[in-house]
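Q:
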Amino acid sequence: MTRLDLCNSRSSYLQGFNVVHYTFILLFVFLLEAIVGGLAYLYETQIELELQTSLNSTFMEQYGVSERQTEAIDRMQQEFGCCGAVRFEDWRHSVWLRSRRKDLIRPTEGRLVPDSCCISVTPRCGRSDRPSNIPYTGCIYKMADDLKHHLILLGAIGLGICVIQVFGMILSCCLYVKLKNVLD
276 MTRLDLCNSR SSYLQGFNVV HYTFILLFVF LLEAIVGGLA YLYETQIELE LQTSLNSTFM
336 EQYGVSERQT EAIDRMQQEF GCCGAVRFED WRHSVWLRSR RKDLIRPTEG RLVPDSCCIS
396 VTPRCGRSDR PSNIPYTGCI YKMADDLKHH LILLGAIGLG ICVIQVFGMI LSCCLYVKLK
456 NVLD
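Just so we're aligned, residue 276 is where the sequence shown starts under this note's numbering, counting upward by one.
In C-alpha cells:
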C-alpha cells in the first residue's frame with residue numbers, strides 16, 4: 276500500500292465521520308425546533324392570559340400618568356382600531372378618568388375615552404362613546420389576533436425549515452452510505 280492510498284483512505288474515513296456528525300447535529304437542531312414549537316403551542320393560552328393581565332393594568336393605571344405608556348397606548352389604539360384593554364368601558368375605571376389630578380399628561384376635559392379611541396381622531400372626539408365614533412372592541416383581542424397571525428407565520432417558516440433539514444439528514448445518510456461503499 277502506497278503512502279497516497281493510505282492518505283486517501285484516511286481522508287475518506289474522515290469525510291464519512293464528518294457526515295455522521297453533520298447528520299447528528301441536524302437531528303439535534305431539528306429536535307430543539309420541535310420542542311420549542313411544542314412549548315409555544317402549549318403556552319399560547321398562558322401568553323394570552325398574561326397579555327390580558329399586563330395590558331389591562333397598563334391601560335388602567337398608566338394612561339395619562341406615564342408619558343411613554345400613554346403614547347404607546349394611543350399608538351396601539353390607533354393602529355389596531357380598538358378602544359380600551361378588553362372593551363371601551365374599561366376607561367370608566369381607569370386612573371385617567373377617575374382622577375381629579377391636574378398633572379395628568381392627557382387631561383380628561385369631559386372625555387369618556389381618550390381621543391386615540393376615535394375612528395376619526397379629532398380634538399376632544401373622545402367625549403362621545405357612540406359606536407359610530409369609537410370601536411367597541413378591546414385592544415387585547417386585536418393584539419391576540421395579530422400575535423396568532425405572526426405565530427402561524429413563524430410556524431409555517433419553521434415547518435419549511437424542518438422539511439429542508441429532514442432532506443439534509445436523508446442526503447447526508449445517503450452520502451455516508453455511498454462513501455462507505457466506495458471505501459469498501
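Note that CB positions come from ideal geometry on N, CA and C, so glycine has one too. Remember, predicted model here, so these are calculated numbers, not experimental data.
1. If you compare alpha carbons, which of G443, G433, V452 and L458 is closest to F299?
2. Run through the stretch 370-411 for me and flag every whole alpha helix (DSSP H) of 4 or more residues, listed as ranges in chain order.
3. For G356, which residues from the same chain have a beta carbon less than 6 Å from its beta carbon, with the 5 sequence-adjacent residues on both sides left out?
4. Looking at the unbroken alpha helix (DSSP H) that takes in H425, where does it start and where does it end?
5. State yes or no: is the beta carbon of T333 nearer than 7 Å to at least one beta carbon in chain B?
6. Taking the alpha carbon of E342 as the reference point, which residue from A309, G359, E308 and I380 has its own alpha carbon closest?
7. Please confirm whether C414 and M351 have their CB atoms less than 7 Å apart.
8. Do the CB positions of W366 and V388 come within less than 7 Å of each other?
9. Does the separation of the CB atoms of Q327 and Q337 fall below 7 Å?
10. Report the option in C358, D420, K377 and R362 whose CA atom is closest to the CA atom of S395.
11. So A315 packs on L426, CB below 8 Å; how close in whole Å?
12. Starting from S332, trace the alpha helix (DSSP H) in both directions and tell me its first and last residue.
13. Residues bridged to R350 by DSSP?
14. Around the Cβ of T320, are there at least 16 other Cβ atoms within 10 angstroms (buried) or fewer (exposed)?
15. Taking E364 as the reference, give the member of C437, R405 and Y318 with the closest Cα.
16. Taking Cβ positions, are A360 and L330 nearer each other than 7 Å?
17. Of the choices Y451, V438 and V452, whose alpha-carbon is the least far from that of V304?
18. Do you know whose CA, among R362, G312, Y297 and L301, lies nearest G430's CA?
A: Working from what's here:
1. G443
2. Taking only runs of at least 4 residues, the alpha helix (DSSP H) segments lying wholly in the stretch 370-411 are 370-373.
3. P410
4. C414 to L458
5. Absent from the structure is chain B; it holds one protein chain and no more.
6. I380
7. yes
8. yes
9. One thing to note: Q327 has its Cβ no nearer than 7 Å to the Cβ of Q337.
10. Checked all of C358, D420, K377 and R362; the closest Cα to S395 is C358.
11. Right, the Cβ-Cβ distance comes to about 7 Å (below 8 Å), so this counts as a contact.
12. E319 to Q337 is the extent of the alpha helix (DSSP H) around S332.
13. Bridge partners of R350: none, in fact.
14. Classification for T320: exposed.
15. Measuring from the Cα of E364, the nearest candidate turns out to be R405.
16. yes
17. V438
18. Comparing Cα-Cα distances from G430 to each of R362, G312, Y297 and L301, the minimum goes to G312.
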